[in-house]
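If you want the working numbering, it's the 1-based position in the sequence shown plus 2. Glycine residues also receive a C-beta, built at the ideal position from the N, C-alpha and C atoms. Structure first, commentary second.
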Amino acid sequence: MTDEISPAALPPEASWSPDYWLFSAGQWTRLDHDPVPDTPTADGDWGQMLREAGFRPWYEVAAPPKAYNCPIPLELLVYERSTGHRPRFAVDLRNDLTLTVFCEELPDLMDLLAKWAPTVHALAAAAQIAKEQAE
């Protein structure tokens, strides 16, 4: 006899809603709102939506699409907003899809990046190798 696990039935697509995750004081919580709402002026442009929500580029670890002819499928980008609005940081993980999480303050961001250090280190190394290869 084998124990098989059946996948749980998914709710109807119309009831799906994106999750907005906040990392604060070492804990993950779900936000009840989107810190980067779509606006009519942004017309679906993620960069424009970030700017309109007050976020500006702060840090990026990305490599060219290929290093040594191998695809580098992941980028990490951090955005900061200096306004009194919280969360203060947005962190994008990008490949074919962009996934975004939020950090309340700088210590939260640094804690999260430390937890993700192996990934961040690998991306930075790949970016350096690609840069040197291009030169």
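Can you name the start and end residues of the beta strand (DSSP E) that residue i belongs to?
i           : result
residue 58  : 58-63
residue 101 : 100-105
residue 31  : 29-32
residue 81  : 77-82
residue 93  : 91-96
If you draw a straight line from the alpha carbon of residue i to that of residue j, how long is it in whole angstroms?
i           : j           : result
residue 3   : residue 121 : Confidence in residue 3 is poor, its pLDDT being 46 and thus under 50, which makes the residue's placement too unreliable to answer from.
residue 41  : residue 135 : 41 Å
residue 34  : residue 60  : 25 Å
residue 117 : residue 45  : 34 Å
residue 2   : residue 39  : Nothing about residue 2 can be reported from this structure: the residues present for the chain run from 3 to 137 only.
residue 132 : residue 48  : 26 Å
residue 85  : residue 124 : 32 Å
residue 28  : residue 87  : 20 Å
Leaving out the 5 sequence neighbours to the left and right, which residues in its chain are closer than 6 Å to residue i when beta-carbon positions are compared?
i           : result
residue 36  : 22
residue 50  : 44
residue 110 : 25 and 26
residue 57  : 81, 83 and 92
Could you tell me the boundaries of the alpha helix (DSSP H) in which residue i lies?
i           : result
residue 108 : 108-117
residue 53  : 48-54
Is it buried or exposed, residue i, if we count other Cβ atoms within 10 angstroms and call 16 or more buried?
i           : result
residue 102 : buried
residue 92  : buried
residue 89  : buried
residue 83  : buried
residue 108 : exposed
residue 99  : exposed
Please list, in chain order, all residues of the same chain as residue i whose beta carbon is under 8 Å from its beta carbon, the five residues on each side excluded.
i         : result
residue 1 : Because the chain is modelled from 3 through 137, residue 1 falls outside the range shown and cannot be assessed.
Verify the contact flag: residue i, CB atom, against every heavy atom of the ligand PLP, threshold strictly below 7 Å.
i          : result
residue 92 : What this structure holds is no ligand at all, so the ligand PLP is not there to describe.
Short of 7 Å in beta carbon distance, which residues of its chain neighbour residue i, apart from the five on each side in sequence? Order them along the chain.
i           : result
residue 95  : 76, 78 and 101
residue 115 : 122
residue 32  : 21, 22 and 23
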